[in-house]
Amino acid sequence: MEAFQIGDLKIQLPIIQGGMGVAISLSGLASAVANEGGVGVISAVAIGMLEPDYVKNFREANKTALRKEIRKAKSLTNGVLGINLMLAITDYEDMFRIALEEKIDIIFIGAGLFLRKPSTIPDSLFESSKTKFVPKVSSAKAARLIFQHWANKYNHIPDAVVVEGPLAGGHLGFKKDDLENQKFKLPNLISETVSEMMPFEQRFGIEIPVIAAGGIYNGEDMYNIMQLGAKAVKIGTRFVTTYECDASMEYKESYIKSRKKDITIIDSPVGLPGRVIMNDFVKKIQNGYTKPVKCPWKCLKTCNFKEVNYCIAEALFNSARGNMSEGFSFAGSNAYKATKIQTVKETIDDLIFEYNMNKYKLAI
Ligand SMILES: Cc1cc2nc3c(=O)[nH]c(=O)nc-3n(C[C@H](O)[C@H](O)[C@H](O)COP(=O)(O)O)c2cc1C
């Protein structure tokens, strides 16, 4: 497996751990992945739920918790660290600023088109910053739009792009009806995005790594997608069943106990399909159960909290803390393949071994 670069940032292994909210990938998982030579990613969404004053002051709690987790992760590793931010959160610009102030290596930005730098952040902070910006998209067209917009507006472009296909865990950037459509399979999206990036690479004289995500579970999946031009992969689901993952043991066990038929799609209250593991709570909400939402903060721009039947941030935080009867696990389509909990090192060693098996099998 070869090292790769995002701008001047050298990354030993082409493995990026997907940011997973709420409170699934924090400093524990991120630092463990970074220590093995991959990129460890802290998920910023609703991270303030870890703080005692979240209900009273969610904005301050989010900022405090993000700063704390970044500092804690940095104290545990000298490796490469990122945060995962969603454009759809209402305090997106605050969180962006904290990440720049804390000198995080990479900001991954999803759940919306990352068309401009946050306007409330002074240019001087951007100019002095070495932080790399990497948008996450679900189509080659979205990647082109973002890069074109940046090229025209700023005369420079984001540092890499993550393309996430329909097999991923969590909220998905596709319509429910498109999830099975051949056209949107990850290999097609990767080939198309690699071609779309070429004119930008020529114009700016740099390499734009295309990073593949969604349903990549083993080294064979990694090898195959990298043959299509992906320079690295972003993996979430496989890292949930590690000791270092910051989720509760109950959350991890829900993966190990799951069968293929338990991995299902819900209509999330935020207006997107989401992939989860079926449990009693999911059955209840599918049967019309409502849990009144008293939302003093409105964390997601797209959430109409007066009409939703439950709060997804609360449900996800409950399960992250082990209360599965009041929540559920987000999970990728391959979550049912988990059979045991391992260390991050064992997981990465397995990925490298499986990757090399495929590489040399094909070479013989
Ligand atoms: C439990 C879980 C939670 C996730 N939470 C988020 C999130 O809060 N924000 C986000 O942009 N992506 C989220 N993702 C997507 C991951 O960052 C990553 O892109 C995805 O997991 C890749 O697909 P895979 O799970 O099949 O490996 C989540 C995925 C999982 C499995």
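In numbering that gives the first Met the number 0, the protein residues as written are 0 to 363. Beta carbons: idealized from backbone N, C-alpha and C, even for Gly. Quantities reported herein were computed from a predicted structural model and do not represent experimental measurements.
| field | Three-state secondary structure (DSSP) of LYS131 | value | Residue mapping note: residue 131 aligns to position 132 of the sequence shown, counting from 1. Under the three-state reduction of DSSP, LYS131 is assigned to strand.
| request: Can you grab the Cα-Cα spacing for the pair MET225 / LYS305, in whole Å? | output: Taking the sequence shown and counting its residues from 1, one reaches residue 225 at position 226. Taking the sequence shown and counting its residues from 1, one reaches residue 305 at position 306. Distance between MET225 and LYS305, taken at the CA atoms: about 44 Å.
| query | Should ALA43 and GLU50 be called a contact, given that it needs their Cβ atoms to be closer than 7 Å? | reply | Here the question's residue 43 lines up with position 44 in the sequence shown. Here the question's residue 50 lines up with position 51 in the sequence shown. The Cβ atoms of ALA43 and GLU50 do not sit closer than 7 Å to each other.
| said: Can you tell me where the alpha helix (DSSP H) holding ASP220 begins and where it ends? | reply: Start at 1 with the first residue of the sequence shown, and residue 220 comes out as number 221. Its alpha helix (DSSP H) spans residues 218-225.
| message | Considering only their Cβ atoms, is the gap separating ALA334 from SER257 smaller than 7 Å? | response | Along the sequence shown, read from residue 1 onward, the residue named residue 257 stands at position 258. Along the sequence shown, read from residue 1 onward, the residue named residue 334 stands at position 335. Yes.
| request: Under 7 Å Cβ to Cβ from LYS135, same chain only, skipping five residues before and after it: list those, please. | output: For this step, residue 135 is matched to residue 136 along the sequence shown. Excluding sequence neighbours, LYS135 sits near PHE107, ILE108, GLY109, VAL161 and GLU163.
| Are LEU12 and GLY39 closer than 7 Å when you measure CB to CB? | For the purposes of this step, residue 12 is identified with residue 13 of the sequence shown, where counting begins at 1. For the purposes of this step, residue 39 is identified with residue 40 of the sequence shown, where counting begins at 1. Note that the C-beta distance between LEU12 and GLY39 is not below 7 Å.
| query | Would LEU86 pass as a contact of GLY111 if the rule is Cβ separation under 7 Å? | reply | Sequence index remark: in the sequence shown, residue 86 carries index 87 (1-based). Sequence index remark: in the sequence shown, residue 111 carries index 112 (1-based). For LEU86 and GLY111, yes; Cβs fall inside 7 Å.
| query | Does the region 136-145 come close enough to the region 195-207 that 3 or more CB-CB pairs lie under 8 Å? | reply | Segments in contact, yes.
| Roughly how many angstroms lie between the CA atoms of ILE234 and ILE215, to the nearest whole one? | As a position in the sequence shown, residue 234 is number 235, starting the count at 1. As a position in the sequence shown, residue 215 is number 216, starting the count at 1. Separation of ILE234 and ILE215 (C-alpha to C-alpha, rounded to the nearest whole angstrom) is 6 Å.
| message | Less than 7 Å between the beta carbons of TYR354 and MET248, yes or no? | response | For this step, residue 354 is matched to residue 355 along the sequence shown. For this step, residue 248 is matched to residue 249 along the sequence shown. Against a cut-off of 7 Å, the Cβ pair of MET248 and TYR354 comes out as no contact.
| query | Between THR289 and the rest of its own chain, which residues show a CB-CB distance below 6 Å, the 5 nearest in sequence each way excluded? | reply | Here residue 289 refers to the residue found at position 290 of the sequence shown. Only residues of its own chain outside the window of five on either side were considered, and among them ASN308 have a CB closer than 6 Å to the CB of THR289, listed in chain order.
| Helix, strand or coil: how does DSSP classify GLU206 here? | For the purposes of this step, residue 206 is taken as the residue at position 207 of the sequence shown. Correct three-state label for GLU206: coil.
| Can you tell me the Cα-Cα spacing of GLU206 and PRO291, whole angstroms? | For the purposes of this step, residue 206 is identified with residue 207 of the sequence shown, where counting begins at 1. For the purposes of this step, residue 291 is identified with residue 292 of the sequence shown, where counting begins at 1. Roughly 49 Å separates the two Cα atoms.
| field | Sequence-distant residues of its chain with Cβ nearer than 8 Å to THR130 (five each side left out) | value | In the sequence shown, counting from the first residue as 1, residue 130 sits at position 131. The answer, listed in chain order, is ALA98, LEU99, LYS102, ILE103, ASP104, ILE105 and ILE106.
| request: Just mark GLY47 as buried or exposed, buried being the case when its beta carbon has 16 or more other beta carbons within 10 Å. | output: Residue 47 sits at position 48 when you count from the first residue of the sequence shown. It counts as buried.
| If you pair each beta-carbon of the region 68-75 with each one of the region 22-30, do three or more pairs fall below 8 Å? | As far as the Cβ criterion goes, the region 68-75 touches the region 22-30, which means the pair count is three or higher.
| message | Given a cut-off of 7 Å on the beta-carbon distance, is the pair PHE327 and PHE280 in contact? | response | For the purposes of this step, residue 327 is taken as the residue at position 328 of the sequence shown. For the purposes of this step, residue 280 is taken as the residue at position 281 of the sequence shown. Their beta carbons are under 7 Å apart, which means PHE327 touches PHE280 by this criterion.
| request: Assign HIS155 to one of three DSSP states: helix, strand, or coil. | output: Counted from its first residue, the sequence shown places residue 155 at position 156. DSSP, reduced to helix, strand and coil, places HIS155 outside both helices and strands of the structure shown, so it counts as coil.
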